[in-house]
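Student: In the UniProt record's numbering, the protein residues as written are 1 to 674.
Written as structure tokens, this is what we have:
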């Protein structure tokens, strides 16, 4: 305890410095080590004057105790971002790889794993904070005082010029571009031009130049002539239309980042950039690959996800034998890739690409499985491009005349997107699906022939949907039911029990399916114990959400619809919908949080919610977190078997039906095929 009191005293009682010191000394339980550290901290603080300088020195103590020099460089790199800027973890690790802070390893994934380990060390040392962006993605951020400490270090050695996110409209003055500067960050400003009469900066030691997220239109040819050591050049998210020819002379360049330069139409010859490891041309407007790209034999990362790209010359990709990450997408009217252009890339770990046809896709998938390639992330397309993918291993089949048997899928595929395949009757007839072991997301849209998603009989059950978590169905004019079982009575239950079909399903979203009349049959409910969310919209003939069997409807017995994890039920524009479940049915469980209803004029009843206690006698109640959102007109039109139930639900109702439209629009975007 005395040692801890001394530690707090040496930190001047400031919470941030106490936390950072605790992070630095984490795991040390020897009092002698603590006393020595506190003595060192006291001596350092005594050498500076002023409260601000003392705080920085206390924080710098933690920085100096990072044991690895590359770990220190990784931390200081974070200061190149604007103040209070949430930094995506994956983006930051990619930057560390570009900078060479993470040593070369056998695979890129190993390097990323190392990056995450570094993030954990900086987090444990309390030098970086955990935050999330507006999409709930994990990010890191520097506390303002920690950033001030980092800036005090980078202003001396190594020398950084950091003017990020300051709304600058012009480049820093010539005298600020000093000879021994190493890294410059001018990202996230409003710089639109680099003056043609500006003397070229004489930065002989400059290795990193970050100009991304500026509306820069043009760069003078002479701008880079005195930057012989430049290694990382970031011009992403700028309005640049063409690059100066002097780029071709940057022989030490290892990363050229031009992503989202939508006006960029051409690049100079790249043949001299023999050290280039990363070339990002994502969402540019180039129509052909840069001249000399086939000479970039050290390239590890290539992003050619370009809508305007018309052709990739034969044998260009095969010469890039060190590629670990490859994204290729060519114009929808042009042919896609042939498998022979990608199969030779033995080090490929991440591949997003559009194949010329189904035969080429099958050849690539076959090579993946026969040669046991290291491809751990992929998005494989045939036909049009699906805008949204939610998993790491995706196959997207669009606008093909498939019946089912001729497709080949990777066994570890996690997401399947199918659209405009009008000859397909149901997805379970695709024979290779039976070998897929981890399918989590299935999206089916704009297919005129689809009659059901799953169809099987007692003699031929199926297992390919037992890991499925999300099912999206949109614009399927002939869809009459989600699952079809050729059996009757208790046979259906036994078939499902043996197959575990949909046993992990969490979300089901059905939009614009005019022929479906019932959504989920009662006999399927034992397999839906993990179902959390249902959205149904614009299904003209839908009458019932949870449908009981005919023999159950004729009985007076209570029909229990037990979905213990169901949280959300959204219903929109269902003109024939009459019931959520049959009149003798009750909803079992307390998990439901939202019922949102709009434009369902024939729906007059909310089913009772019951729990079973003691002798299994039900008692009516409302789930504790339930909200009901609808128009007042719909609420006032409801009919009640029990007036007390209306009184129970009335406080839970809100006149906020527009919330439903927002949620349905989001679902529609997820499965909208462009």
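Backbone N, C-alpha and C define an ideal beta-carbon position, used for all residues, glycine too.
(1) Check whether the Cβ atoms of residue 327 and residue 374 sit closer than 9 Å, and answer yes or no.
(2) Output the residue ranges of the alpha helix (DSSP H) runs that lie fully inside the UniProt domain "Disease resistance protein winged helix" (80-150) and measure 4 residues or longer, sorted by chain position.
(3) Could you pull out every residue in the same chain whose Cβ sits closer than 6 Å to the Cβ of residue 377, ignoring the five residues on either side in sequence?
(4) Here's a check: name, in chain order, each residue in its chain whose Cβ is nearer than 7 Å to the Cβ of residue 652, leaving out the five neighbours to either side.
(5) So the candidates are 412, 473 and 112; which of them puts its Cα closest to the Cα of residue 442?
(6) So what's residue 523 in DSSP terms, helix, strand or just coil?
(7) Count the C-beta pairs between the segment 183-190 and the segment 209-226 that are closer than 8 Å, then say yes if the count reaches three, no if not.
(8) For residue 675, which three-state DSSP category applies?
(9) Among 70, 91 and 124, which has the Cα closest to the Cα of residue 100?
(10) With 16 as the cutoff for other CB atoms within 10 Å, does residue 602 come out buried or exposed?
(11) Considering only the beta carbon of each residue, do residue 257 and residue 230 sit closer than 9 Å?
(12) Hey, would you say residue 239 sits closer than 9 Å to residue 271, going by beta carbons?
(13) On the CB-based measure, 16 or more other CB atoms within 10 Å of its CB, does residue 437 come out buried or exposed?
(14) Where does residue 632 fall in DSSP's three states?
(15) So, is residue 149 buried or exposed, given that buried needs 16 or more other C-beta atoms within 10 angstroms?
(16) Report yes if the CB atom of residue 280 is closer than 9 Å to the CB atom of residue 255, and no otherwise.
(17) Once DSSP output is grouped into helix, strand and coil, what is the label at residue 218?
(18) Determine, using beta carbons only, whether residue 259 and residue 237 come nearer to each other than 9 Å.
(19) When the Cβ atoms of the segment 498-512 are set against those of the segment 532-546, are three or more pairs found closer than 8 Å?
(20) Taking residue 649 as the reference, give the member of 413, 593, 235 and 145 with the closest Cα.
(21) Looking at C-beta atoms only, is the number of pairs between the segment 129-139 and the segment 100-112 that lie closer than 8 Å three or more?
(22) Can you list, in chain order, the residues of its chain with a C-beta nearer than 7 Å to that of residue 515? Leave out the 5 residues immediately preceding and following it.
(23) Looking at residue 198 and residue 215, is the spacing between their C-beta atoms short of 9 Å?
(24) From the DSSP output, which residues share a beta bridge with residue 544?
(25) So, is residue 324 buried or exposed, given that buried needs 16 or more other C-beta atoms within 10 angstroms?
(26) Please state whether the Cβ-Cβ distance between residue 330 and residue 365 is less than 9 Å.
(27) Look up residue 170 in the DSSP assignment and say whether it is helix, strand or coil.
(28) Report yes if the C-beta distance between residue 578 and residue 560 is below 9 Å; otherwise report no.
(29) Looking only at its chain, what residues have a beta carbon closer than 7 Å to the beta carbon of residue 253, apart from the 5 residues adjacent to it on each side?
(30) How big is the Cα-Cα spacing for residue 167 and residue 82?
(31) State the DSSP-derived secondary structure class of residue 751, mapped to helix, strand or coil.
(32) What do you get for residue 164, buried or exposed, if any count of 16 or more other CB atoms within 10 angstroms of its CB means buried?
(33) Short check: CB of residue 634 to CB of residue 598, under 9 Å?
(34) Where residue 241 and residue 95 are concerned, what is the direct C-alpha to C-alpha distance, given to the nearest angstrom?
(35) Evaluate residue 613 with the Cβ neighbour count: other Cβ atoms within 10 Å of its Cβ, from every protein chain shown; 16 or more gives buried, anything less gives exposed.
(36) Out of 530, 268, 446 and 250, state which residue places its alpha-carbon closest to the alpha-carbon of residue 243.
Tutor: Taking the definition as stated:
(1) Residue numbering aside, residue 327 sits at position 327 when the chain shown is read from its first letter. Residue numbering aside, residue 374 sits at position 374 when the chain shown is read from its first letter. Result no, Cβ atoms of residue 327 and residue 374 do not sit closer than 9 Å.
(2) 89-99 and 108-124
(3) By one-based count along the chain shown, residue 377 stands at place 377. Only 350 and 392 meet the Cβ criterion.
(4) Your numbering for residue 652 matches position 652 in the chain shown. Around residue 652: 622, 626, 627 and 628.
(5) Position 442 of the chain shown, counting from 1, holds the residue named residue 442. Comparing Cα positions, the closest option is 473.
(6) On the chain shown, residue 523 is found 523 positions in, with the first residue counted as 1. Residue state, collapsed to three classes: helix.
(7) yes
(8) No information on residue 675 is available, as it lies outside the stretch 1 to 674 that the chain covers here.
(9) As a working mapping, residue 100 is identified with position 100 in the chain shown. Out of 70, 91 and 124, 70 has the C-alpha closest to the C-alpha of residue 100.
(10) Looking up residue 602 in the chain shown gives position 602. Burial call: exposed.
(11) The residue you call residue 257 lines up with position 257 of the chain shown. The residue you call residue 230 lines up with position 230 of the chain shown. Their beta carbons are not under 9 Å apart, which means residue 257 does not touch residue 230 by this criterion.
(12) The count along the chain shown starts at 1 and reaches residue 239 at position 239. The count along the chain shown starts at 1 and reaches residue 271 at position 271. Contact check for residue 239 against residue 271 fails: the beta carbons are separated by 9 Å or more.
(13) Stepping through the chain shown from its first residue, residue 437 is reached at position 437. Classification of residue 437: exposed, given that the 10 Å Cβ count is below 16.
(14) Locating residue 632 in the chain shown gives position 632, counting from the first residue. Helix.
(15) Walking along the chain shown from the start, residue 149 turns up at place 149. Residue 149 should be labelled buried.
(16) Against the chain shown, residue 280 aligns to sequence position 280. Against the chain shown, residue 255 aligns to sequence position 255. Going by C-beta atoms, residue 280 is nearer than 9 Å to residue 255.
(17) The residue you call residue 218 lines up with position 218 of the chain shown. Residue 218: coil per DSSP, three-state reduction.
(18) By 1-based counting over the chain shown, the position of residue 259 is 259. By 1-based counting over the chain shown, the position of residue 237 is 237. Residue 237 is positioned such that its CB atom lies closer than 9 Å to that of residue 259.
(19) yes
(20) Taking the first residue of the chain shown as 1, we reach residue 649 at position 649. Closest option to residue 649, Cα to Cα, is 593.
(21) These segments do not touch.
(22) The sequence position of residue 515 within the chain shown is 515, counting from 1. Correct list, in chain order: 477, 478, 479, 480 and 541.
(23) Along the chain shown, read from residue 1 onward, the residue named residue 215 stands at position 215. Along the chain shown, read from residue 1 onward, the residue named residue 198 stands at position 198. Not in contact: residue 215 and residue 198 (Cβ atoms no closer than 9 Å).
(24) In the chain shown, counting from the first residue as 1, residue 544 sits at position 544. Answer is 518 and 579, bridged to residue 544.
(25) For the purposes of this step, residue 324 is taken as the residue at position 324 of the chain shown. Buried, since its Cβ has 16 or more Cβ neighbours within 10 Å.
(26) Walking along the chain shown from the start, residue 330 turns up at place 330. Walking along the chain shown from the start, residue 365 turns up at place 365. Against a cut-off of 9 Å, the Cβ pair of residue 365 and residue 330 comes out as no contact.
(27) Within the chain shown, the letter at position 170 stands for residue 170. In the structure shown, residue 170 falls within a coil segment according to DSSP collapsed to helix, strand and coil.
(28) As a working mapping, residue 578 is identified with position 578 in the chain shown. As a working mapping, residue 560 is identified with position 560 in the chain shown. No, Cβ-Cβ distance for residue 578 and residue 560 is not below 9 Å.
(29) Numbered from its first residue, the chain shown carries residue 253 at position 253. Once the five neighbours on either side are set aside, the close Cβ partners of residue 253 are 230, 231, 233, 273, 275 and 276.
(30) By one-based count along the chain shown, residue 167 stands at place 167. By one-based count along the chain shown, residue 82 stands at place 82. C-alpha separation (whole angstroms): 11 Å.
(31) Lying before the first or after the last residue shown, residue 751 is absent from the chain, which here runs from 1 to 674.
(32) For this step, residue 164 is matched to residue 164 along the chain shown. The residue is buried, with at least 16 neighbouring Cβ atoms inside 10 Å.
(33) Here residue 634 refers to the residue found at position 634 of the chain shown. Here residue 598 refers to the residue found at position 598 of the chain shown. Yes.
(34) As a working mapping, residue 241 is identified with position 241 in the chain shown. As a working mapping, residue 95 is identified with position 95 in the chain shown. Rounded to the nearest angstrom, the two C-alpha atoms are 24 Å apart.
(35) Mapped onto the chain shown, residue 613 falls at position 613. Low confidence applies here, because residue 613 scores a pLDDT of 48, under 50, leaving its location unreliable and the question unanswered by this model.
(36) Against the chain shown, residue 243 aligns to sequence position 243. Checking every option, the nearest Cα to that of residue 243 belongs to 268.
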